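Numbering (the numbering used here), first residue to last: 1 to 309. In this text, a Cβ means the ideal position worked out from N, Cα and C, and glycines have one as well. Being a predicted model, the structure only gives us computed values, none of them experimental. Read through the structure below, which is laid out as structure tokens, and then see the notes.
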Ligand SMILES: Cc1cc2nc3c(=O)[nH]c(=O)nc-3n(C[C@H](O)[C@H](O)[C@H](O)COP(=O)(O)OP(=O)(O)OC[C@H]3O[C@@H](n4cnc5c(N)ncnc54)[C@H](O)[C@@H]3O)c2cc1C
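Shown next as structure tokens:
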């Protein structure tokens with residue numbers, strides 16, 4: 001396998017649980033992956049195709065809850081969040097698969113919006129979750145090596161699972177993979193519930209974790225700038241104050257930037273064009289955490305189908 005972000009580690013765990021000898025080779029590990037920057041609220045944002053992301057996201061929702069309860073993971077918390085909409089819209093297809101979904105009464109909708117809904121979903125603290133995934137991977141017998149792969153044909157083993165996120169652009173010569181830059185702000189203040197405007201061109205979120213609330217955001221397509229921009233900080237605070245007027249700027253404790261691995265569609269398929277059998281699993285955009293377990297299960301299903309042929 002290549003890649004030790006949330007997508008690679010989840011896949012690695014599933015392969016080990018299914019009895020496959022598994023090694024991950026990765027250029028970076030936590031805390032240096034894009035996955036470390038994820039906010040991380042369960043929500044299928046900026047990821048296609050919808051028929052598949054709906055299924056993968058519901059499977060992941062259920063798995064995150066199972067892990068939380070079975071392993072007593074305090075760093076996965078269930079939080080309420082309200083999404084405001086500028087136009088009334090039918091409930092999203094994933095709404096049937098989650099534990100709480102409710103259309104807002106009109107008097108609950110903030111000025112400037114026409115409708116909205118309330119959901120309950122997992123918030124995952126990646127600084128704890130990624131090390132936990134790594135520990136579980138190792139505990140199940142997995143092996144991790146640091147290294148950069150410049151060609152799929154050079155990877156050892158019968159099967160390669162490619163979970164390189166944005167790195168797939170170069171590795172697979174896949175120009176469909178583009179960065180969607182996200183800047184966030186950490187603030188030591190709890191908004192009570194998450195507040196969202198999920199339109200990429202006006203992205204707003206306040207995601208409460210146990211330690212800080214994550215404020216966002218930006219979704220700047222094709223922007224490779226990895227540093228914090230002051231102009232984005234100003235804009236994020238302005239937008240978040242609309243949904244959360246009590247926001248107290250004196251409580252800001254940090255900022256971060258990550259480049260989401262966006263693609264027209266998540267690439268999850270078998271490919272033999274390099275001379276090796278490769279299963280690609282990349283291009284999860286703004287929803288790598290949200291889709292991680294559903295995609296991992298699909299990778300395992302592809303592997304076992306190949307073994308039966
Ligand atoms: C600001 C921000 C907020 C976000 N919020 C959320 C959220 O609330 N919910 C959500 O679900 N998602 C969120 N996301 C999206 C999420 O972070 C990504 O979809 C997810 O991290 C992608 O995971 P990944 O494992 O594919 O990629 P990465 O985490 O980038 O991992 C890729 C791995 O591959 C390795 N690699 C790459 N190329 C090579 C190579 N050639 N050789 C060896 N190793 C290689 C890298 O070193 C790395 O280990 C957010 C993203 C950002 C930036």
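If distances are taken between C-alpha atoms only, which option among the options comes closest to residue i?
{"i": "residue 225", "options": "279, 182, 239, 244", "result": "182"}
{"i": "residue 114", "options": "120, 98, 106", "result": "106"}
{"i": "residue 29", "options": "71, 163, 93", "result": "163"}
{"i": "residue 185", "options": "246, 151, 257, 67", "result": "257"}
{"i": "residue 136", "options": "238, 14, 222", "result": "14"}
{"i": "residue 306", "options": "120, 97, 22, 158", "result": "158"}
{"i": "residue 286", "options": "25, 99, 48", "result": "48"}
{"i": "residue 241", "options": "272, 276, 205", "result": "205"}
{"i": "residue 336", "options": "273, 197, 271, 267", "result": "Coverage of the chain is limited to positions 1 through 309, which leaves residue 336 absent and any answer about it impossible."}
{"i": "residue 216", "options": "35, 22, 238", "result": "238"}
{"i": "residue 221", "options": "201, 273, 24", "result": "201"}
{"i": "residue 93", "options": "133, 134, 275, 50", "result": "50"}
{"i": "residue 268", "options": "275, 168, 34", "result": "168"}
{"i": "residue 24", "options": "35, 96, 156", "result": "156"}
{"i": "residue 173", "options": "187, 150, 96", "result": "150"}
{"i": "residue 193", "options": "153, 83, 275", "result": "83"}
{"i": "residue 16", "options": "73, 300, 87", "result": "300"}
{"i": "residue 108", "options": "81, 53, 44", "result": "81"}
{"i": "residue 223", "options": "233, 178, 57, 130", "result": "178"}
{"i": "residue 63", "options": "22, 33, 124", "result": "124"}
{"i": "residue 33", "options": "130, 56, 1", "result": "130"}
{"i": "residue 274", "options": "153, 246, 171", "result": "153"}
{"i": "residue 180", "options": "190, 188, 187, 203", "result": "203"}
{"i": "residue 95", "options": "44, 139, 230", "result": "44"}
{"i": "residue 22", "options": "272, 176, 138", "result": "138"}
{"i": "residue 248", "options": "230, 231, 213", "result": "213"}
{"i": "residue 2", "options": "87, 128, 148", "result": "148"}
{"i": "residue 189", "options": "246, 195, 175", "result": "246"}
{"i": "residue 386", "options": "110, 57, 90", "result": "Because the chain in this structure spans residues 1 to 309, residue 386 falls outside the shown range and cannot be described."}
{"i": "residue 12", "options": "298, 309, 191", "result": "298"}
Pull up the CB-CB distance for residue i and residue j, whole angstroms please, since I reckon it's below 8 Å.
{"i": "residue 116", "j": "residue 104", "result": "4 Å"}
{"i": "residue 244", "j": "residue 59", "result": "Rounded, the Cβ-Cβ distance is 31 Å, inconsistent with contact."}
{"i": "residue 38", "j": "residue 289", "result": "5 Å"}
{"i": "residue 134", "j": "residue 36", "result": "Rounded, the Cβ-Cβ distance is 12 Å, inconsistent with contact."}
{"i": "residue 219", "j": "residue 46", "result": "7 Å"}
{"i": "residue 270", "j": "residue 277", "result": "7 Å"}
{"i": "residue 61", "j": "residue 42", "result": "6 Å"}
{"i": "residue 65", "j": "residue 132", "result": "Not quite, the Cβ-Cβ distance comes to about 15 Å (not below 8 Å), so this is no contact."}
{"i": "residue 291", "j": "residue 53", "result": "6 Å"}
{"i": "residue 303", "j": "residue 20", "result": "7 Å"}
So is the beta-carbon of residue i under 7 Å away from any non-hydrogen atom of ligand 2?
{"i": "residue 28", "result": "Ligand 2 is not part of this structure, which contains only ligand 1."}
Determine, using beta-carbon pairs with one atom in the segment 135 to 146 and one in the segment 252 to 265, whether at least three such pairs fall under 8 Å. no
Is there contact between the segment 281 to 288 and the segment 4 to 16, where contact requires at least three CB pairs shorter than 8 Å? Contact holds: three or more Cβ-Cβ distances are below 8 Å.
My parser needs the alpha helix (DSSP H) runs of 4 or more residues fully inside the segment 103 to 185; what are they? 126 to 139, 168 to 171
At least three beta-carbon pairs within less than 8 Å, the segment 202 to 212 to the segment 67 to 77: yes
Does the structure place the segment 53 to 73 close enough to the segment 157 to 171 that three or more beta carbon pairs sit under 8 Å? Taking a cut-off of 8 Å for Cβ pairs, the segment 157 to 171 and the segment 53 to 73 do not touch, as fewer than three such pairs fall below it.
Do the segment 238 to 252 and the segment 29 to 38 touch if we need at least three Cβ pairs shorter than 8 Å? no
With three or more beta-carbon pairs closer than 8 Å as the criterion, would you say the segment 116 to 128 touches the segment 90 to 101? Result yes; three or more Cβ-Cβ pairs closer than 8 Å.
Could I get the ranges of all uninterrupted beta strand (DSSP E) runs contained in the segment 186 to 220, with 3 residues as the minimum, in chain order? The qualifying runs are 194 to 197, 204 to 208, 213 to 216.
Every unbroken beta strand (DSSP E) inside the segment 222 to 308 [3 residues or more]: Complete beta strand (DSSP E) runs here, min 3: 252 to 262, 267 to 271, 277 to 282.
Hey, which unbroken runs of the beta strand (DSSP E) at 3 residues or more fall wholly within the segment 64 to 88? Listed in chain order, they are 76 to 85.
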